[in-house]
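Quick notes on the structure that follows.
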Amino acid sequence: MADGSISDIIQAKPIGKGLNAFRDSFSLVCQDLGLPDSLESLDRIGNEGLQNLALNLVSALQTLPAARLLHSTRGGKNLFGDLLRLPAIIGSDDFDIERIIPLLKAVLDHEADELVWDRIYGIVAQSALTISDKPSTPPPSGLPHTSSFQQTPWTFNTGSFADTSDLRKDVDPILKNEVEGNLKVDHPDVFTTFFGGIPQLHEMARAVFQNCKDTEAPLFQEGAGWLDWPAGCEEADVLRFLRRHVNQFLLSADERDFRPAKRRRCITTPNKPVPGSVSKRKLDVGLAYNSNNELEDSDNKRYDWSHILIPGELKSNAREDNHNSTWLDLLRYAREIFNAQDTRRFVLGFTLCGSMMRLWEFDRLGAIGSTAFDINKDGEMFVSVVLGYLWMSEEELGFDPTIMEDNGRYTDIQRNGQKERIYLEELMKRQRSVAGRATTCWRGFLEDKADGRFVIKDSWEYEERLEEGLLLKEATEAGVENVARYYHHETVRVGGEMDDVLYNVRKGLNEAGGRNAFQQRRSTPSEPATSSAILSASSSKRGRSTSRSKTMTRKRSSSCLQPSMPPPKRSCSDSPVKQDAAQRRNRVHRRLVMRDIGKSIYEASSPRAILRGLFGGIKGEHDVMYSGLRLMY
Numbered sequence: 001m002a003d004g005s006i007s008d009i010i011q012a013k014p015i016g017k018g019l020n021a022f023r024d025s026f027s028l029v030c031q032d033l034g035l036p037d038s039l040e041s042l043d044r045i046g047n048e049g050l051q052n053l054a055l056n057l058v059s060a061l062q063t064l065p066a067a068r069l070l071h072s073t074r075g076g077k078n079l080f081g082d083l084l085r086l087p088a089i090i091g092s093d094d095f096d097i098e099r100i101i102p103l104l105k106a107v108l109d110h111e112a113d114e115l116v117w118d119r120i121y122g123i124v125a126q127s128a129l130t131i132s133d134k135p136s137t138p139p140p141s142g143l144p145h146t147s148s149f150q151q152t153p154w155t156f157n158t159g160s161f162a163d164t165s166d167l168r169k170d171v172d173p174i175l176k177n178e179v180e181g182n183l184k185v186d187h188p189d190v191f192t193t194f195f196g197g198i199p200q201l202h203e204m205a206r207a208v209f210q211n212c213k214d215t216e217a218p219l220f221q222e223g224a225g226w227l228d229w230p231a232g233c234e235e236a237d238v239l240r241f242l243r244r245h246v247n248q249f250l251l252s253a254d255e256r257d258f259r260p261a262k263r264r265r266c267i268t269t270p271n272k273p274v275p276g277s278v279s280k281r282k283l284d285v286g287l288a289y290n291s292n293n294e295l296e297d298s299d300n301k302r303y304d305w306s307h308i309l310i311p312g313e314l315k316s317n318a319r320e321d322n323h324n325s326t327w328l329d330l331l332r333y334a335r336e337i338f339n340a341q342d343t344r345r346f347v348l349g350f351t352l353c354g355s356m357m358r359l360w361e362f363d364r365l366g367a368i369g370s371t372a373f374d375i376n377k378d379g380e381m382f383v384s385v386v387l388g389y390l391w392m393s394e395e396e397l398g399f400d401p402t403i404m405e406d407n408g409r410y411t412d413i414q415r416n417g418q419k420e421r422i423y424l425e426e427l428m429k430r431q432r433s434v435a436g437r438a439t440t441c442w443r444g445f446l447e448d449k450a451d452g453r454f455v456i457k458d459s460w461e462y463e464e465r466l467e468e469g470l471l472l473k474e475a476t477e478a479g480v481e482n483v484a485r486y487y488h489h490e491t492v493r494v495g496g497e498m499d500d501v502l503y504n505v506r507k508g509l510n511e512a513g514g515r516n517a518f519q520q521r522r523s524t525p526s527e528p529a530t531s532s533a534i535l536s537a538s539s540s541k542r543g544r545s546t547s548r549s550k551t552m553t554r555k556r557s558s559s560c561l562q563p564s565m566p567p568p569k570r571s572c573s574d575s576p577v578k579q580d581a582a583q584r585r586n587r588v589h590r591r592l593v594m595r596d597i598g599k600s601i602y603e604a605s606s607p608r609a610i611l612r613g614l615f616g617g618i619k620g621e622h623d624v625m626y627s628g629l630r631l632m633y
């Protein structure tokens, strides 16, 4: 960089601490992979990991004041505009990730600002050449799937809809796209993972099932199955079968001194819309309890989506068990439950197609389906599933145990070495989606402090992304105006462990199991799960996986580092992470507490008030951009 004006700008607007958050994210990646926090570890991080680091770095560079003053390499307004184009280029399959490594090393090694900006100009210039070398054909209508998957701001899911009609014709295509890269079926370990920790389930199920066979009028007979199973599998008949057997299993368990902590009931109202949806949504079958957890045995009892614990989808034909439309129906129910229950971390459910049953788990990454089993061939498994759903604790059902009830809902935080209790007063906003950040905001107040009014914001963020709380803390400490003031942030912990999807919600469920339902079909059906293989595991203690996959690591050959030749472009096949990126990404449950509470724009008292609020927001963004802070939006 010989240009004197460029050097002057770099000296006048130093990077300072502006890239520290990126360096922190690199340290976390190394920690997760069991690698030393050193430059050498860059050579052992997989393609996807390097790509995520590069995207984080570009986002951090965009916030540096110098980026808005340095000139563009492409005739644009400034370098900031060039940096805005980089994420799409880095996220594409055509980008050679090796080109970004010298810049990563320069930043991590705290090289001089002039060298860092020189590396940046080199990347931008090479990217511009790559684009100009391509045929001048019309651009695609949308961003590449990989780039939209990697950058949260570009992701459009069902939570992006405004609360209008929410019609199926509009929602279903987006809902399918939301999970199609993250929906697995035929996973053999679903029952063990989500039912294996229920106390005495194995003993209880065996006793109840034995009673079903030994009673004077047997309910089940080996070789024949459930004797009152409707041969035609008509919906009304199957619903009566389920209600009758749920009640029978509860009665039989009660006679043997097995009693659930909270009473639940089978709901069968497939022809009545369940209240609480933006649009009309009907539920085939489900397990629920009312607000006081004491259900009456009355068909007149009304329920809404806030009461539904376990949703179920029925089909009369066993062949529909393998249809995407069946799974999407259940996925639609899970979305309604997530929206109506603001502390739900995950949702369990089931499909029953003919006599073929499949168990499901929905979370902020996507969905996992078990192997299917025939309830008439494996009656004990069916009993175990029903009793498991009835006996699960609220935490096992997917509710957040860090939000508790005592004269109102509250959560405890540790701040400055002291425990503080914050009560959740009112839900302000919850994103209507299954997979995604699922941002939820409550209005709250600090116990015993009348002036302690807060906004509590929960979200499920990709673990490699910079923490919003750290960035907001910087803005508050710098005295930036028109930006919410930081009070506290934390990573939520459940069961003494970080609350994430892969290792806490899914409890280390083997990622290699199952198949992607939307991307491939097996030529032969999967082997059904059996009680002999699965029930024996239910008594074993569940726990968080003690070791994370190290498949992201790999060694580059020395030839890749020779300066005499340009580094070869990596193919999609040279990295296991590239092949299975969707499965390996993880979301972490983070909580941010902010001091200031605003109001929705539609609640403004006048047009002048709206303009004043918008002006304040613009001024706040301006102050952040030119303060040298790392805050991203």
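If you use the UniProt record's numbering, the sequence shown corresponds to residues 1 to 633, in order. Using N, Cα and C, we set each Cβ at its ideal position, and we do this for glycine too.
Between the CA atoms of residue j and residue i - distance to the nearest angstrom
i, j, result
"Glu111", "His622", "28 Å"
"residue 634", "Ile308", "Outside the displayed range of the chain (1 to 633) lies residue 634, so it cannot be described from this structure."
"Pro87", "Arg587", "20 Å"
"Asn504", "Leu83", "36 Å"
"Leu509", "Thr193", "7 Å"
"Phe26", "Asp37", "8 Å"
"Lys507", "Pro260", "24 Å"
"Gln341", "Trp305", "8 Å"
"Asn407", "His323", "46 Å"
"Ser433", "Leu592", "20 Å"
"His71", "Arg119", "15 Å"
"Pro218", "Arg206", "15 Å"
"Leu115", "Val190", "51 Å"
"Glu603", "Gly496", "41 Å"
"Asp3", "Ser605", "Caution applies to Asp3, whose pLDDT of 49 falls short of 50 and renders its modelled position unreliable; the model cannot decide the point."
"Leu33", "Lys315", "44 Å"
"Phe373", "Gln431", "34 Å"
"Asp394", "Gly276", "The sequence shown places Glu at residue 394, not Asp. Taking the straight line from one Cα to the other gives about 21 Å."
"Leu28", "Leu42", "13 Å"
"Pro311", "Asn416", "42 Å"
"Asp133", "Trp117", "Its pLDDT being 43, under 50, Asp133 is placed unreliably in this model, and the value from its coordinates should be taken loosely. Approximately 24 Å between the Cα atoms of the pair."
"Asp412", "Ile403", "8 Å"
"Ile610", "Ile601", "7 Å"
"Phe350", "Ile101", "46 Å"
"Gly286", "Leu239", "10 Å"
"Cys441", "Ala231", "49 Å"
"Glu336", "Ala224", "37 Å"
"Val179", "Leu328", "10 Å"
Residue i - partner residues in DSSP beta bridges
i, result
"Ile267", "Gly286"
"Cys441", "Lys429, Lys457"
"Arg344", "Phe399"
"Gly312", "Val285, Phe350"
"Glu405", "Arg409"
"Asp378", "Its beta-bridge partners do not exist; DSSP assigns none."
8 Å contact criterion, which residue i and residue j should meet: CB distance rounded
i, j, result
"Ile422", "Leu387", "Actually they do not touch by this definition, with Cβ atoms about 37 Å apart."
"Asn78", "Arg68", "5 Å"
"Arg281", "Val274", "6 Å"
"Leu53", "Leu104", "6 Å"
"Ser459", "Thr476", "That belief does not hold up - the Cβ atoms of Ser459 and Thr476 are roughly 19 Å apart, past 8 Å."
"Arg332", "Leu175", "7 Å"
Residue i, enclosing alpha helix (DSSP H) - first and last residue
i, result
"Arg335", "324-340"
"Asp412", "Segment 409-415 is the beta strand (DSSP E) holding Asp412; no alpha helix (DSSP H) there."
"His71", "Unbroken run through His71: none, as it is neither H nor E."
"Glu474", "468-477"
"Asp186", "Here Asp186 belongs to no alpha helix (DSSP H); instead the beta strand (DSSP E) covers 183-187."
"Arg319", "First-last for Arg319: undefined, no H or E at that position."
"Thr63", "Per DSSP, Thr63 belongs to no alpha helix (DSSP H) and is neither H nor E."
N-terminal and C-terminal residue of the beta strand (DSSP E) that residue i is part of
i, result
"Cys233", "Careful: Cys233 lies outside any beta strand (DSSP E) and carries neither H nor E."
"Arg358", "356-362"
"Ser606", "Counting along the chain, Ser606 falls outside any beta strand (DSSP E), and DSSP gives it neither H nor E."
"Tyr487", "486-491"
"Gly369", "367-370"
"Met594", "587-594"
Min CB distance residue i to chain D below 8 Å
i, result
"Arg612", "Any reference to chain D falls outside this structure, which holds one protein chain only."
Distance cut-off 7 Å: residue i Cβ against heavy atoms of the ligand GTP
i, result
"Ala609", "Summarising the ligand content, the structure contains no ligands, and the ligand GTP is consequently not present."
What runs of the alpha helix (DSSP H), each 4 residues or longer, lie entirely inside the stretch 201-262? Here the runs fully enclosed are 201-214, 235-255.
Counting only runs that start and end within the stretch 12-52, where is the alpha helix (DSSP H) found for 4 or more residues in a row? Within the stretch 12-52, the complete alpha helix (DSSP H) runs of at least 4 residues are 20-33.
Could you pull out every unbroken alpha helix (DSSP H) segment of at least 4 residues lying fully inside the stretch 493-518, listed in chain order? As for any alpha helix (DSSP H) of minimum length 4 sitting wholly inside the stretch 493-518, there is none.
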